[in-house]
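Engineer: Sequence order for the protein chains is A and B. For the first sequence, the positions run 22 to 214 when my numbering is used. For the second sequence, the positions run 34 to 290 when my numbering is used. Heads up, the beta-carbon is just placed ideally off N, CA and C, and yes, glycines get one too.
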Amino acid sequence: MEIRISGLQKSYGDHKVLDNFSAVLPVGKTACIMGPSGCGKTTLLRILMGLEKADGGRVEGIPDKKSAVFQEDRLCDNLSAKTNIRLVCPKRSVDEIEEGLRTLGLYECMDQPVREYSGGMRRRAAVLRALCADGDILFLDEPLKGLDDEMKEITAGYIRIRAEGKTVVCVTHDREDIDLLGADQVIQMNYRK
Amino acid sequence: MTSTISSNRKKSKIKLWAAAVWLIVWQVVSMRIGQEILLVSPVAVIRRLLELVQTAVFWQSLACSFLRILAGFLLGMISGVLLAAAAAVFLRIDELLEPFVQTVKSIPVASFIILVLIWVSPENLSVIISLLMVFPVIYTNVRDGIRSMDRKLTEMAELFAIPISYRIRYIYASQILPFFRAGCTLALGLCWKSGIAAEVIGLPENTIGENLYNAKIYLNTPDLFAWTLVIVVISVLFERFFLWLIDLGVKRVERMG
Numbered sequence: 022m023e024i025r026i027s028g029l030q031k032s033y034g035d036h037k038v039l040d041n042f043s044a045v046l047p048v049g050k051t052a053c054i055m056g057p058s059g060c061g062k063t064t065l066l067r068i069l070m071g072l073e074k075a076d077g078g079r080v081e082g083i084p085d086k087k088s089a090v091f092q093e094d095r096l097c098d099n100l101s102a103k104t105n106i107r108l109v110c111p112k113r114s115v116d117e118i119e120e121g122l123r124t125l126g127l128y129e130c131m132d133q134p135v136r137e138y139s140g141g142m143r144r145r146a147a148v149l150r151a152l153c154a155d156g157d158i159l160f161l162d163e164p165l166k167g168l169d170d171e172m173k174e175i176t177a178g179y180i181r182i183r184a185e186g187k188t189v190v191c192v193t194h195d196r197e198d199i200d201l202l203g204a205d206q207v208i209q210m211n212y213r214k
Numbered sequence: 034m035t036s037t038i039s040s041n042r043k044k045s046k047i048k049l050w051a052a053a054v055w056l057i058v059w060q061v062v063s064m065r066i067g068q069e070i071l072l073v074s075p076v077a078v079i080r081r082l083l084e085l086v087q088t089a090v091f092w093q094s095l096a097c098s099f100l101r102i103l104a105g106f107l108l109g110m111i112s113g114v115l116l117a118a119a120a121a122v123f124l125r126i127d128e129l130l131e132p133f134v135q136t137v138k139s140i141p142v143a144s145f146i147i148l149v150l151i152w153v154s155p156e157n158l159s160v161i162i163s164l165l166m167v168f169p170v171i172y173t174n175v176r177d178g179i180r181s182m183d184r185k186l187t188e189m190a191e192l193f194a195i196p197i198s199y200r201i202r203y204i205y206a207s208q209i210l211p212f213f214r215a216g217c218t219l220a221l222g223l224c225w226k227s228g229i230a231a232e233v234i235g236l237p238e239n240t241i242g243e244n245l246y247n248a249k250i251y252l253n254t255p256d257l258f259a260w261t262l263v264i265v266v267i268s269v270l271f272e273r274f275f276l277w278l279i280d281l282g283v284k285r286v287e288r289m290g
């Protein structure tokens with residue numbers, strides 16, 4: 022089983038973002054798509070997530086149950102980190118969620134509204150939400166963005182443990198992230214003029 | 034038509050000293066004029082009010098006016114919210130309602146009162162007028178609140194397949210409620226002003242409006258001021274209580290068990 026992307030095309034007006042992009046992503050492994058800012062990584066991820074339609078080409082093999090860390094955190098500002106997480110996985114045990122919050126250094130402030138969090142804390146909450154959600158595929162858009170070196174290592178390590186055996190598709194422009202996440206496959210995208 | 038939502042600017046509050054200065058000015062001017070029929074003193078108003086609260090008619094009038102205006106407010110609020118939800122989803126409903134909303138907003142309330150009086154009994158007049166004043170405000174605010182919801186959060190909810198009941202409770206409600214709250218603040222003031230005006234014109238029995246009318250007819254200035262004071266107090270208290278209820282509701286809604 023694999024995820025097949027063939028001849029994907031996407032333009033915004035005259036600007037061609039994806040031009041005949043093809044790739045095969047392994048199921049149950051971590052694939053990292055790397056490239057400079059503006060090369061179409063997020064657009065590709067949004068098409069794979071089903072949030073955007075491609076102008077042409079095909080995507081096959083994406084499971085129905087999805088989970089994601091978006092480019093922006095997309096947390097509900099007025100809710101606590103714990104509630105934000107429980108919102109996507111109401112059946113998961115509180116202990117399990119609290120264990121994750123503890124690992125990512127959010128336990129002390131888990132009941133505070135996330136609008137009071139720093140950028141790094143919000144990012145970690147968004148990562149934990151994606152890991153707790155019961156998705157068969159995990160999409161990560163720059164998951165370690167805004168984290169300091171120590172937190173990057175802790176968060177990446179936690180992603181590796183929690184997402185083991187799951188299909189992970191990660192986009193990043195940072196090679197260090199690829200090493201930290203232990204990618205099984207790296208796809209390079211280039212900037213299109 | 035655009036919605037009304039409170040800005041971040043600090044809301045100016047009435048300072049006790051400023052109120053005291055105006056009361057003193059009122060008392061002094063009234064003493065200088067020396068004729069209660071032209072300008073009654075604040076002391077005389079309070080004295081009259083204390084007399085009124087001891088009568089059964091006072092409480093009966095208060096209850097009748099309050100219940101009718103409350104009914105009008107609640108009907109306007111519920112229909113405003115429901116139709117705003119429908120208009121946000123179906124553009125045709127919005128297009129259909131827009132001329133009605135614009136007309137209600139621009140026609141003077143006195144014209145409406147006289148027109149509605151032709152169709153309904155004076156007893157129900159304040160209910161209908163309050164409803165008509167509240168509906169456009171709530172409708173516009175809630176519709177705009179729904180339209181300005183963060184699409185990114187909606188996408189997130191779609192992707193994670195969050196159940197619809199959770200979406201409404203935790204994602205949509207918190208984004209729409211500030212618009213709803215701002216609409217209620219405006220509508221509460223409007224419904225009292227228009228409701229009492231409807232009573233003054235329609236003259237249903239045992240209402241605040243009827244008492245105001247009688248005070249005018251008999252040039253009973255202390256009564257006029259006393260009843261006006263009652264309207265101000267009850268409208269402010271009701272507004273505070275209702276907004277407190279909304280805030281309490283928001284806290285309860287967002288608390289996950």
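1) Closest by CA to Asn41 (chain A), which one among A:Gly56, A:Val48, A:Asp76?
2) Does the contact criterion of 3 or more C-beta pairs under 8 Å hold for the stretch 81–97 of chain A versus the stretch 145–164 of chain A?
3) What residues are listed by DSSP as bridge partners for Pro141 (chain B)?
4) Sorted by chain position, which residues of the same chain lie with C-beta nearer than 7 Å to Arg67 (chain A)'s C-beta, five sequence neighbours on each side aside?
5) According to DSSP, what are the bridge partners of Glu81 (chain A)?
6) Rounding to the nearest angstrom, what Cα-Cα distance links Ile66 (chain B) and Ile57 (chain B) in this structure?
7) Using a cut-off of 8 Å between C-beta atoms, extract the partners of Val109 (chain A) located in chain B.
8) In the DSSP assignment, find the unbroken alpha helix (DSSP H) run with Cys217 (chain B) in it and report its ends.
9) Could you check if Trp260 (chain B) is buried or exposed, using at least 16 other CB atoms within 10 Å of its CB as the buried criterion?
10) Which residue comes first and which comes last in the beta strand (DSSP E) that contains Leu96 (chain A)?
11) Using the beta-carbon of each residue, which ones in chain A are nearer than 8 Å to Tyr203 (chain B)?
12) Less than 8 Å between the CB atoms is what I'm expecting for Cys60 (chain A) and Met172 (chain A), so what's the real figure, rounded?
13) Is there a C-beta anywhere in chain A that falls below 8 Å from the one on Leu186 (chain B)?
14) Sorted by chain position, which residues of the same chain lie with C-beta nearer than 8 Å to Ala154 (chain A)'s C-beta, five sequence neighbours on each side aside?
15) Could you tell me which chain A residues have their CB closer than 9 Å to the CB of Ser207 (chain B), listed as they occur along the chain?
16) Taking all protein chains shown into account, decide if Glu117 (chain A) is buried (16 or more other Cβ within 10 angstroms of its Cβ) or exposed.
17) The alpha helix (DSSP H) spanning Leu270 (chain B) covers which residue range?
18) Could you tell me whether any Cβ in chain A is nearer than 8 Å to the Cβ of Met189 (chain B)?
19) Go to Asn105 (chain A), then tell me how far its alpha helix (DSSP H) extends in each direction, as first and last residue.
Structural biologist: Reading off the structure:
1) Locating residue 41 (chain A) in the first sequence gives position 20, counting from the first residue. For Asn41 (chain A), the closest C-alpha among the options A:Gly56, A:Val48, A:Asp76 is that of A:Asp76.
2) Yes: the two stretches touch, three or more of their Cβ pairs being nearer than 8 Å.
3) As a working mapping, residue 141 (chain B) is identified with position 108 in the second sequence. Beta-bridge pairing links Pro141 (chain B) to no other residue.
4) Counting from 1 along the first sequence, the entry for residue 67 (chain A) is found at position 46. Excluding sequence neighbours, Arg67 (chain A) sits near Glu73.
5) Counting from one through the first sequence, the residue named residue 81 (chain A) turns up at place 60. The partner list for Glu81 (chain A) (beta bridge, DSSP) reads A:Arg25.
6) If you number the second sequence from 1, residue 66 (chain B) lands on position 33. If you number the second sequence from 1, residue 57 (chain B) lands on position 24. The straight-line gap from Cα to Cα measures roughly 14 Å.
7) As a first step, residue 109 (chain A) must be located in the first sequence, where it is residue number 88. Within chain B, the residues near Val109 (chain A) are Phe193, Ile195.
8) Counted from its first residue, the second sequence places residue 217 (chain B) at position 184. Segment 206–235, the alpha helix (DSSP H) holding Cys217 (chain B).
9) If you number the second sequence from 1, residue 260 (chain B) lands on position 227. It counts as buried.
10) Position 75 of the first sequence, counted from the start, is the residue given in the question as residue 96 (chain A). For Leu96 (chain A), no beta strand (DSSP E) encloses it, and the DSSP letter there is neither H nor E.
11) As a working note, residue 203 (chain B) is residue 170 in the second sequence. Those within 8 Å of Tyr203 (chain B) in chain A are Cys97, Leu100, Thr104, Leu108.
12) The sequence position of residue 60 (chain A) within the first sequence is 39, counting from 1. The sequence position of residue 172 (chain A) within the first sequence is 151, counting from 1. With 8 Å as the limit, Cys60 (chain A) and Met172 (chain A) do not qualify as a contact, their Cβ atoms being about 26 Å apart.
13) Within the second sequence, the letter at position 153 stands for residue 186 (chain B). Taking Cβ atoms only, chain A reaches closer than 8 Å to Leu186 (chain B), which makes this a yes.
14) If you number the first sequence from 1, residue 154 (chain A) lands on position 133. Only Ser88, Val109, Cys110 meet the Cβ criterion.
15) Against the second sequence, residue 207 (chain B) aligns to sequence position 174. Here the neighbours are Cys97, Asp98, Asn99, Leu100.
16) As a working note, residue 117 (chain A) is residue 96 in the first sequence. Under this definition Glu117 (chain A) is an exposed residue.
17) Taking the first residue of the second sequence as position 1, residue 270 (chain B) is located at position 237. 254–287 is the span of the alpha helix (DSSP H), which, as asked, contains Leu270 (chain B).
18) Here residue 189 (chain B) refers to the residue found at position 156 when the second sequence is read from its first residue. For Met189 (chain B), the closest Cβ of chain A is nearer than 8 Å.
19) Working through the first sequence from its first residue, we reach residue 105 (chain A) at position 84. Start and end: 102–109.
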